[in-house]
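Number of protein chains: 2
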Amino acid sequence: MAVSGPTGDDLVEMLAALANPIRLRIVATLAGRRDYVSQLARELGVSRPLLHMHLRRLEAAGLITGRLELSDDGKAMKYYEVTDFDLHLTASAVAEAAQTLTRPDPGKGPAPKEST
Amino acid sequence: MAVSGPTGDDLVEMLAALANPIRLRIVATLAGRRDYVSQLARELGVSRPLLHMHLRRLEAAGLITGRLELSDDGKAMKYYEVTDFDLHLTASAVAEAAQTLTRPDPGKGPAPKEST
DNA sequence: TTCACGTGTCATTTTTTTCTTACACGTGAA
DNA sequence: TTCACGTGTAAGAAAAAAATGACACGTGAA
């Protein structure tokens, strides 16, 4: 049971990647059709450098993928498309993922101090 | 189809609330049993003010709820517990939610300007 | 009264994220 | 050559989030 989802760290990265209006719209747009950077920037109304940053964050989280292609007239176009991600978030799913968190280390080891 | 999930803004808030190691651990801990602030702070190894801030973020997103109770010896304890949230994230689900985003727009209405 | 334990907030610093501006390179067409 | 359109990055400003420390209040027990 338990489809054994992503590790805690990966989950945090994916959630952080989606927890932004612009990035949510990027995923939404790419869900319809793949697109290249400049065109996507125009459609979303954001600057290229800014879009570039958001795309990197999404790609790093594994939510989209991009590949460079050559257009007929020789231009290098970078096309992005969404991956088939499928995250099911419930309290128990979170509880399971949290067990593999490595980020926050207050006291790494097990220190079950429970004296009154 | 489409269970008509949260609005785009609500989704962003929920995702942002979960996209943090400490908050993920808070939810994970509360998924097992409800707990009060001070005790939770000790278990997670974080300060009360910090935990308080994270709890507010989680409660604002509707992922946990807290209520004040009086203990036998008269102390006011604030107990928190997780809600029955259930988020299913896929590209199409995101696409649907993105349609109700209001955050990132200078002007409210639809301004599909695409002239050069 | 003083202590331990519970609640909370406020002000401030530190850190991270977001965004802008400016720059660089490559190719086809006028 | 110059222009338009594609790619990318780097530096710094601006904004938001995270974290800390010092407070204040209430109650029961020593």
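Chains as they are written, first to last, in this note's numbering: chain F, 1 to 116; chain L, 1 to 116.
Just so you know, even glycine gets a beta-carbon here, dropped at the ideal spot from N, CA and C.
Predicted model, so just to flag it, every value in this text is computed and none were measured.
query	result
Using C-beta distances below 6 Å, list every residue in its chain close to Lys75(F), excluding the 5 sequence neighbours before and after it, in chain order.	none
Between the segment 10-22 of chain F and chain L, which residues of the former have a C-beta closer than 9 Å to a C-beta of the latter?	Leu11, Val12, Glu13, Met14, Leu15, Ala16, Ala17, Leu18, Ala19, Asn20, Pro21 and Ile22
Under 7 Å Cβ to Cβ from Ser47(L), same chain only, skipping five residues before and after it: list those, please.	Ala41
Does the beta-carbon of Ala60(L) have 16 or more other beta-carbons within 10 angstroms, so that it is buried, or is it exposed?	exposed
Would you say Val12(F) and Ile64(F) are within 8 Å of each other, going by their C-beta atoms?	no
Nearest chain F C-beta to Arg56(L) closer than 8 Å, yes or no?	no
Quick one: give me the first and last residue of the beta strand (DSSP E) that Gly66(F) is part of.	Ile64 to Leu70
Can you tell me whether His88(L) is buried or exposed? The criterion is at least 16 other CB atoms within 10 Å of its CB, across all chains shown.	exposed
Please state whether the Cβ-Cβ distance between Val82(F) and Ala31(F) is less than 8 Å.	yes
Just curious, the beta strand (DSSP E) that Thr90(F) is in, first and last residue?	Asp86 to Thr90
Taking all protein chains shown into account, decide if Arg57(F) is buried (16 or more other Cβ within 10 angstroms of its Cβ) or exposed.	buried
So, using beta-carbon positions, are Leu18(L) and Leu15(F) closer together than 8 Å?	yes
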